[in-house]
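Asks:
Protein chains: 2
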Amino acid sequence: MNISDSGGEFALIQRLARIVPGTDTRVVKGIGDDAAVVQVAPAPAPYLLITTDILVEDRHFRRAWSSPEHIGEKAAECNISDIAAMGGAPQWMVVALVLKATEEVDWVEGLYRGLHRSCRRHGVTLLGGDTTQGPVATISITLLGSVAPHHLRLRSHARPGDLLLVTGPLGGAAAALALLEAGHTPSTYLMDKHRTPHCRMDVAGRIACVARAMIDISDGLGSEVHHICEASQVGAEIDASAIPLHPDVLQAARTLGCEPLTWALSGGEDFELLFSIAPERMAELEQVGCAIHPVGRITARQGGVLMIDRNGRRLPLPGGYDHFSRGPAHSDSNQGERK
Amino acid sequence: MNISDSGGEFALIQRLARIVPGTDTRVVKGIGDDAAVVQVAPAPAPYLLITTDILVEDRHFRRAWSSPEHIGEKAAECNISDIAAMGGAPQWMVVALVLKATEEVDWVEGLYRGLHRSCRRHGVTLLGGDTTQGPVATISITLLGSVAPHHLRLRSHARPGDLLLVTGPLGGAAAALALLEAGHTPSTYLMDKHRTPHCRMDVAGRIACVARAMIDISDGLGSEVHHICEASQVGAEIDASAIPLHPDVLQAARTLGCEPLTWALSGGEDFELLFSIAPERMAELEQVGCAIHPVGRITARQGGVLMIDRNGRRLPLPGGYDHFSRGPAHSDSNQGERK
Chain A
1 MNISDSGGEF ALIQRLARIV PGTDTRVVKG IGDDAAVVQV APAPAPYLLI TTDILVEDRH
61 FRRAWSSPEH IGEKAAECNI SDIAAMGGAP QWMVVALVLK ATEEVDWVEG LYRGLHRSCR
121 RHGVTLLGGD TTQGPVATIS ITLLGSVAPH HLRLRSHARP GDLLLVTGPL GGAAAALALL
181 EAGHTPSTYL MDKHRTPHCR MDVAGRIACV ARAMIDISDG LGSEVHHICE ASQVGAEIDA
241 SAIPLHPDVL QAARTLGCEP LTWALSGGED FELLFSIAPE RMAELEQVGC AIHPVGRITA
301 RQGGVLMIDR NGRRLPLPGG YDHFSRGPAH SDSNQGERK
Chain B
1 MNISDSGGEF ALIQRLARIV PGTDTRVVKG IGDDAAVVQV APAPAPYLLI TTDILVEDRH
61 FRRAWSSPEH IGEKAAECNI SDIAAMGGAP QWMVVALVLK ATEEVDWVEG LYRGLHRSCR
121 RHGVTLLGGD TTQGPVATIS ITLLGSVAPH HLRLRSHARP GDLLLVTGPL GGAAAALALL
181 EAGHTPSTYL MDKHRTPHCR MDVAGRIACV ARAMIDISDG LGSEVHHICE ASQVGAEIDA
241 SAIPLHPDVL QAARTLGCEP LTWALSGGED FELLFSIAPE RMAELEQVGC AIHPVGRITA
301 RQGGVLMIDR NGRRLPLPGG YDHFSRGPAH SDSNQGERK
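As you go down the protein sequences, you meet chains A and B in turn. Throughout the first sequence, residue numbering follows this note's numbering, covering 1 to 339 in sequence. Throughout the second sequence, residue numbering follows this note's numbering, covering 1 to 339 in sequence.
Structural data, given as C-alpha cells:
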C-alpha cells in the first residue's frame with residue numbers, strides 16, 4: 001500500500017510513531033507538536049526544543065519566483081516559527097543541503113545569505129551542516145531552541161471554553177502561489193507573503209505568557225485547529241466570517257474566481273500563530289499590544305470540529321495541506337504533526 | 001561558476017562558513033568538525049553536540065542492495081559515528097524524510113525499524129521529524145549528543161610527535177560497492193561493511209580518555225588525515241604498509257584488478273575512528289583493551305601530509321571522497337567538514 005492510499009502524511013506519521021516507543025523520561029514531548037521538547041539539565045534549567053523541516057525544489061520553492069536569498073530566508077523563518085509556537089527562543093541551526101553538481105556557487109551563497117539574514121534577526125547561530133550531491137535541490141534545517149518550563153505552550157493545552165485567535169490575516173501565501181501558477185502577477189503584499197513570510201517571534205513570547213495551546217499555521221488554519229483538537233481531546237467551532245483575510249486576498253479570489261477561505265483553511269505557509277486562551281485572560285492579552293483576531297472557540301470533544309459558515313450553517317471544518325494527498329487532508333487523519 | 005569547477009564540496013563549505021560569522025560565545029566549535037559543540041548550561045554541565053547528515057537514494061543507498069531496515073540502520077550509525085568521534089554520547093535524533101507519493105508504507109516502516117534498531121543499541125531516542133513528498137527518497141538526520149568538556153576531542157587537538165591510529169580495517173565498504181557495481185557478489189564480511197556498518201561507540205569513550213585529536217572515517221583515511229592536519233596546523237606521515245586491510249578486501253582487489261589502498265584512502269563509509277595520541281600514553285591505550293592499528297604519526301606542518309609507500313617513497317597523501325568532484329578530493333581543498 002502506498003502512502004497516498006494509506007491516508008496520507010498524517011496517517012503515516014502515526015504509523016511511524018508506533019515503531020519508536022517513548023520510554024525516555026527526559027522527553028517532555030516527542031512526536032506530535034511543532035517541536036520536540038527534552039529536559040537536558042535539572043530544573044529550573046530551560047527545556048531544549050528541537051524542530052526539523054525539509055524543503056524540496058519545485059515543491060516548496062521555485063527558482064522562477066524566488067531568489068536564493070528569499071528561499072534561504074523563508075526556510076529559516078518556517079523553522080523559527082515552530083520554536084515561536086512552543087513559546088520558546090530559537091538558538092542554533094544546522095543545515096543539510098542536497099545540490100546538483102552543476103549548481104552555481106552564487107546560488108548556494110545566496111541561499112546562505114538568506115538563512116543568515118533570518119538567523120541574525122532572531123538571534124540564531126548557524127552552526128554549519130552537511131552538503132551532498134543529488135538530483136534535486138533539497139534544504140533540510142534543524143533548529144534548536146529553549147523555553148522555560150512554565151512558558152512551554154503545547155497543542156494539548158486547550159480546554160473547552162477557550163477562545164481561539166490568530167495573529168494576522170491568512171491565505172496570502174496561498175493566494176500568491178495560485179496567482180503565479182495561473183500566470184498572474186501578485187501584489188507586492190501577496191508576493192512578500194509567499195516569498196519572504198515572517199514568523200511571529202515578535203509577538204510569540206508575549207502571547208505565550210497568557211495563552212494555553214499554541215501552534216503555527218504552516219498547513220492552513222483547518223489543519224492546525226484539527227491538530228489542537230486532537231492533541232487536547234476537545235472540539236472547536238470556527239466562525240468563517242471571522243477569519244481575517246487581506247483585501248489583496250479577496251481581490252485575488254475575484255481574479256481567479258475562487259473561494260478565498262480555502263486558501264486560509266488549507267493553503268498553508270502563513271506562519272501566523274493560532275492559540276487558545278481562557279476568556280478571563282483576554283484583557284491581559286490586549287495589554288500586551290498584539291493585533292489579534294478571534295476566529296472561534298474550543299468546545300467539548302463530542303461537539304466535533306466545526307466551521308460556522310456565513311449563513312450560520314455548521315459544517316465539518318476542512319483539513320489543511322497534506323503532502324501525500326491531493327488537496328486538503330481528511331480531517332480524520334489530522335493526528336500527527338507537520339513540523 | 002558551478003560547485004565542481006570551484007573546488008568541490010570542501011571549498012564550498014569554506015565559502016559558506018565565511019557568510020555566517022561566529023560571534024556566539026556559547027559556540028565552542030561551529031563549522032569544521034564532526035559535530036558542532038555548544039555550551040547550553042554553565043560549567044560543569046556537559047556540552048551539547050549537534051551533527052546532521054543527508055542521504056539521497058541512488059547516491060548514498062540503493063534499494064537493490066539494501067533493505068529499508070539496512071538503510072535506516074546505516075543512516076543512524078553514520079550520525080552516531082560523528083558523536084562518537086567527538087568523545088560524546090548520542091542522545092536525541094530527529095529525521096526529515098522526502099518520499100515519493102507512490103512510496104510503499106512498508107518501505108518507510110522498514111526504514112524506521114532500522115533507525116530504531118540502531119537508536120536502541122546506542123541509547124538514542126528518536127523524537128520524530130518531518131515528512132514530505134519529492135522526486136527522490138532523501139533521509140536527513142540530525143543527532144544531538146552530550147560530552148563532558150574535558151572529554152571533548154576535536155580535529156584540532158593533534159600535536160607533532162603524536163601517533164596516528166585507526167580502530168579497525170579500512171576499505172571494506174568501498175570494496176563491497178565496487179564489487180556490486182561490477183556485478184560480483186561480495187563476501188558476507190564485505191556486504192555487512194557496506195550495508196550495516198557499525199560505528200565505534202563501543203570503544204570511542206575509552207579512546208577519548210587518552211587520545212588528542214579524533215575523527216570518524218566517513219570519507220576515507222586520506223580525507224580524515226587531511227582534516228586533522230588542517231585543523232591542527234600540523235603535518236602527517238602515513239605508512240601505507242601499516243593501513244589495516246581485511247583479507248576479503250585484498251581478495252576483492254585481486255578480483256577487480258585494482259589497488260585496495262585506494263578504497264581505504266578514498267572510499268569512505270568505514271566509520272572506524274582515526275585518532276592521535278601522545279606516544280607516552282600508548283600504554284594506557286593498550287590497557288583499555290581496544291584492537292587498534294598504528295598507521296602513522298603527526299609531524300610539523302612544514303613536513304606536509306605524506307604517505308610512505310611500500311617502497312619507502314614519500315608521496316602526497318591522496319584525499320578522500322568529495323561529493324562534488326570526480327574521484328578523490330584535491331588535498332588542498334580538504335579544509336572543511338563532511339558531517
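Note that beta-carbon positions come from the ideal geometry of N, C-alpha and C, so glycine has one too.
Which residue or residues does DSSP assign as beta-bridge partners of Y47 (chain B)?
Replies: In the second sequence, residue 47 (chain B) corresponds to position 47, counting from 1. BP columns for Y47 (chain B) point to B:V147.
Asks: Would you check if there are 3 or more beta carbon pairs closer than 8 Å linking the stretch 212-221 of chain B to the stretch 71-89 of chain B?
Replies: In short, these stretches touch, since the Cβ pair count reaches three.
Asks: Can you give the Cα-Cα distance for H330 (chain A) and M307 (chain A), rounded to whole angstroms?
Replies: As a working mapping, residue 330 (chain A) is identified with position 330 in the first sequence. As a working mapping, residue 307 (chain A) is identified with position 307 in the first sequence. With a pLDDT of 35 at H330 (chain A), under the threshold of 50, the predicted position of this residue should be treated as unreliable, and no value is reported.
Asks: By the criterion of Cβ-Cβ separation under 9 Å, what are the contact partners of Q302 (chain B) in chain A?
Replies: Translated into the one-based positions of the second sequence, residue 302 (chain B) becomes position 302. Here the premise fails: no neighbours, minimum Cβ distance about 29 Å.
Asks: Let me confirm a value: D202 (chain A) is counted as buried when at least 16 other C-beta atoms fall within 10 Å, else exposed. Which label applies?
Replies: As a working note, residue 202 (chain A) is residue 202 in the first sequence. Per the 10 Å Cβ criterion, exposed.
Asks: Any beta-carbon of chain B closer than 8 Å to the one on G129 (chain A)?
Replies: Against the first sequence, residue 129 (chain A) aligns to sequence position 129. Yes - at least one Cβ of chain B is within 8 Å of the one on G129 (chain A).
Asks: Would you say D216 (chain A) lies against chain B (beta-carbon separation less than 8 Å)?
Replies: Residue mapping note: residue 216 (chain A) aligns to position 216 of the first sequence, counting from 1. No, D216 (chain A) does not count as interfacial toward chain B.
Asks: Determine the extent of the beta strand (DSSP E) in which T25 (chain B) is found, giving its start and end residues.
Replies: Taking the second sequence and counting its residues from 1, one reaches residue 25 (chain B) at position 25. Run containing T25 (chain B): none; DSSP gives neither H nor E here.
Asks: The beta strand (DSSP E) that contains V210 (chain B), what's its start and end?
Replies: Numbered from 1 along the second sequence, position 210 holds the residue referred to as residue 210 (chain B). No beta strand (DSSP E) contains V210 (chain B), which DSSP labels as neither H nor E.
Asks: Got a sec: is the Cβ-Cβ distance from P90 (chain A) to anything in chain B below 8 Å?
Replies: Indexing the first sequence from 1 puts residue 90 (chain A) at position 90. False, the Cβ-Cβ gap to chain B never drops below 8 Å.
Asks: Y112 (chain A) versus chain B: which residues are under 7 Å apart at the beta carbon?
Replies: The residue you call residue 112 (chain A) lines up with position 112 of the first sequence. Under the 7 Å cutoff, chain B gives L16, I19 and V20.
Asks: Which chain A residues are close to T25 (chain B), counting only those with a beta carbon under 9 Å from its beta carbon?
Replies: Position 25 of the second sequence, counted from the start, is the residue given in the question as residue 25 (chain B). What T25 (chain B) touches in chain A: nothing, since even the nearest Cβ is about 10 Å away.
Asks: Which residues in the same chain as G336 (chain B) place their Cβ atom closer than 6 Å to its Cβ, once the five residues preceding and following it in sequence are excluded?
Replies: Working through the second sequence from its first residue, we reach residue 336 (chain B) at position 336. Caution is warranted here: a pLDDT of 34 is assigned to G336 (chain B), below 50, making its placement in the model unreliable, and the coordinate value is therefore given only provisionally. Counting only Cβ-Cβ distances below 6 Å, and skipping sequence neighbours, we find F10, I13 and Q14.
Asks: For V288 (chain B), does the count of other Cβ atoms within 10 angstroms reach 16, so buried, or fall short, so exposed?
Replies: Taking the first residue of the second sequence as position 1, residue 288 (chain B) is located at position 288. Result: exposed.
Asks: Counting Cβ pairs, one atom from each stretch, are 3 or more of them under 8 Å apart for the stretch 52-65 of chain A and the stretch 132-143 of chain A?
Replies: Contact between the stretch 52-65 of chain A and the stretch 132-143 of chain A is present, because at least three Cβ pairs lie under 8 Å.
Asks: Beta-carbon separation of G134 (chain A) and V94 (chain A) under 8 Å?
Replies: Translated into the one-based positions of the first sequence, residue 134 (chain A) becomes position 134. Translated into the one-based positions of the first sequence, residue 94 (chain A) becomes position 94. Against a cut-off of 8 Å, the Cβ pair of V94 (chain A) and G134 (chain A) comes out as no contact.
Asks: Can you list, in chain order, the residues of its chain whose CB lies under 8 Å from that of E259 (chain B), leaving out five sequence neighbours each side?
Replies: As a position in the second sequence, residue 259 (chain B) is number 259, starting the count at 1. Same-chain partners within the cutoff: A253.
Asks: Return the residues of the stretch 55-83 of chain B that lie within a Cβ-Cβ distance of less than 9 Å from chain A, sorted by chain order.
Replies: So the close ones are L55, V56, E57, D58, R59 and H60.
Asks: Cα separation between A17 (chain A) and L177 (chain A)?
Replies: If you number the first sequence from 1, residue 17 (chain A) lands on position 17. If you number the first sequence from 1, residue 177 (chain A) lands on position 177. Using only the alpha carbons, I get a separation of about 32 Å.
Asks: Determine the DSSP secondary structure at F271 (chain A), reduced to helix, strand or coil.
Replies: Translated into positions along the first sequence, residue 271 (chain A) becomes position 271. Residue state, collapsed to three classes: coil.
Asks: Write down every uninterrupted run of the alpha helix (DSSP H) in the stretch 214-279 of chain B whose length is 4 residues or greater and which is fully enclosed by it, in chain order.
Replies: Those alpha helix (DSSP H) runs which fall completely within the stretch 214-279 of chain B and span 4+ residues are 221-232, 247-256 and 260-266.
Asks: For H343 (chain B), report the span of its beta strand (DSSP E) as first-last.
Replies: Chain B is shown only over 1 to 339; residue 343 (chain B) falls outside these bounds and no answer can be derived.
Asks: Is there at least one Cβ from chain A nearer than 8 Å to F231 (chain B)'s Cβ?
Replies: The count along the second sequence starts at 1 and reaches residue 231 (chain B) at position 231. For the sequence presented, residue 231 (chain B) should be read as Ala rather than Phe. No - not a single Cβ of chain A is within 8 Å of the one on A231 (chain B).
Asks: Name the residue from A:P197, A:V37 and A:P46 whose alpha carbon lies nearest to the alpha carbon of A41 (chain B).
Replies: What you label residue 41 (chain B) is simply residue 41 of the second sequence in a count that begins at 1. The residue with the shortest Cα to Cα distance from A41 (chain B) is A:P46.
Asks: Rounded to whole angstroms, what's the CA-CA distance from C199 (chain B) to L115 (chain B)? Just pull it up for me.
Replies: Here residue 199 (chain B) corresponds to residue number 199 of the second sequence, with the count starting at 1. Here residue 115 (chain B) corresponds to residue number 115 of the second sequence, with the count starting at 1. Going by the C-alpha atoms only, they are around 14 Å apart.
Asks: Can you name the start and end residues of the beta strand (DSSP E) that P316 (chain B) belongs to?
Replies: Within the second sequence, numbered from 1, the residue matching residue 316 (chain B) stands at position 316. It spans R314 to P316 - the beta strand (DSSP E) in which P316 (chain B) sits, taken as one unbroken run.
Asks: Would you say I277 (chain A) faces chain B, with C-beta separation under 8 Å as the test?
Replies: Numbered from 1 along the first sequence, position 277 holds the residue referred to as residue 277 (chain A). False, the Cβ-Cβ gap to chain B never drops below 8 Å.
Asks: What residues from chain B crowd round S140 (chain A), counting only those whose CB sits closer than 7 Å?
Replies: Taking the first residue of the first sequence as 1, we reach residue 140 (chain A) at position 140. Going along chain B in sequence order, the residues near S140 (chain A) (Cβ under 7 Å) are I54, A96 and S140.
Asks: Terminal residues of the continuous alpha helix (DSSP H) containing P68 (chain B)?
Replies: The count along the second sequence starts at 1 and reaches residue 68 (chain B) at position 68. Looking at the DSSP string, the run of the alpha helix (DSSP H) that includes P68 (chain B) is P68 to A85.
Asks: Over the uninterrupted alpha helix (DSSP H) stretch that includes Q14 (chain B), give me the two end residues.
Replies: Indexing the second sequence from 1 puts residue 14 (chain B) at position 14. Note, Q14 (chain B): alpha helix (DSSP H), G8 to I19.
Asks: In or out: S333 (chain A) buried (at least 16 other Cβ within 10 Å) or exposed?
Replies: The residue labelled residue 333 (chain A) in the question sits at position 333 within the first sequence. Unreliable placement is indicated for S333 (chain A), whose pLDDT of 30 sits below 50; no coordinate value is reported for it.
Asks: Should A64 (chain A) be labelled buried (16 or more other beta-carbon atoms within 10 Å of its own) or exposed?
Replies: In the first sequence, counting from the first residue as 1, residue 64 (chain A) sits at position 64. It counts as exposed.
Asks: First and last residue of the alpha helix (DSSP H) that includes Q287 (chain B)?
Replies: Within the second sequence, numbered from 1, the residue matching residue 287 (chain B) stands at position 287. Note, Q287 (chain B): alpha helix (DSSP H), M282 to Q287.
Asks: Considering only C-alpha positions, which residue in the set A:A35, A:Q39, A:P197 and A:L48 is nearest to R26 (chain A)?
Replies: In the first sequence, counting from the first residue as 1, residue 26 (chain A) sits at position 26. When each option's Cα is compared against that of R26 (chain A), the closest is A:Q39.
Asks: Do you know how far the Cα of T167 (chain B) is from the Cα of P328 (chain B)?
Replies: Position 328 of the second sequence, counted from the start, is the residue given in the question as residue 328 (chain B). Position 167 of the second sequence, counted from the start, is the residue given in the question as residue 167 (chain B). With a pLDDT of only 42 at P328 (chain B), under the threshold of 50, the placement of this residue in the model should not be trusted; the figure read from the coordinates follows. Approximately 22 Å, taken between the alpha carbons.
Asks: Identify, in the order they occur along the chain, each residue of the same chain with its Cβ nearer than 7 Å to the Cβ of K339 (chain A), setting aside the five sequence neighbours on each side.
Replies: Mapped onto the first sequence, residue 339 (chain A) falls at position 339. Interpretation of K339 (chain A) is limited by its pLDDT of 34, a score under 50 that renders its predicted location unreliable; the figure taken from the coordinates is listed afterwards. For K339 (chain A), where only same-chain residues beyond five positions count, the Cβ hits under 7 Å are D34, A35, T51, T52, D53 and D82.
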